[in-house]
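Position in the sequence shown (from 1) plus 56 gives the number in this note's numbering. Even for Gly, the Cβ is constructed at its ideal location relative to N, Cα and C. Note sheet for the following structure.
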Amino acid sequence: MKGKIKSLLSSYGFITPESSEDEEVKDLFFHKSGASQFYQLSVGDVVEYEETEGKRGEIIATTVEKIED
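Take a look at the structure:
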């Protein structure tokens with residue numbers, strides 16, 4: 057899946073997924089352990105990721121990788 061980095065904090069961030077106009081979009085949490093180059097990511101970067109179920113049953117992003125322009 058694709059999306060854009062919405063925000064980054066010291067060890068985690070949030071991704072806004074791409075969607076069609078018909079879908080309601082919720083930002084996805086991701087932890088730095090799920091991003092191969094966490095410290096090279098910036099707000100607004102386009103990324104690819106996989107969705108998985110988190111410990112509390114929520115959907116989170118994993119295998120986050122920046123897409124080169």
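Provide the residue(s) that pair with Leu64 in DSSP beta bridges, ordered along the chain.
-> Gly69
Would you give the residue range spanned by the beta strand (DSSP E) that Ala91 belongs to?
-> Where Ala91 is concerned, there is no enclosing beta strand (DSSP E), given that its DSSP letter is neither H nor E.
Rounded straight-line distance, which links the Cα of Glu109 to that of Gly100 | Looking at the two C-alpha atoms, the distance is approximately 24 angstroms.
Ignore the nearest five residues each way along the sequence and tell me which others in Lys62's own chain have a CB closer than 8 angstroms to its CB.
-> Gly69, Phe70, Ile71, Thr72, Asp83 and Val99, listed in sequence order.
Looking only at DSSP bridge pairs, what is Val102 linked to?
-> Per the DSSP secondary-structure output, Val102 pairs in a beta bridge with Lys60.
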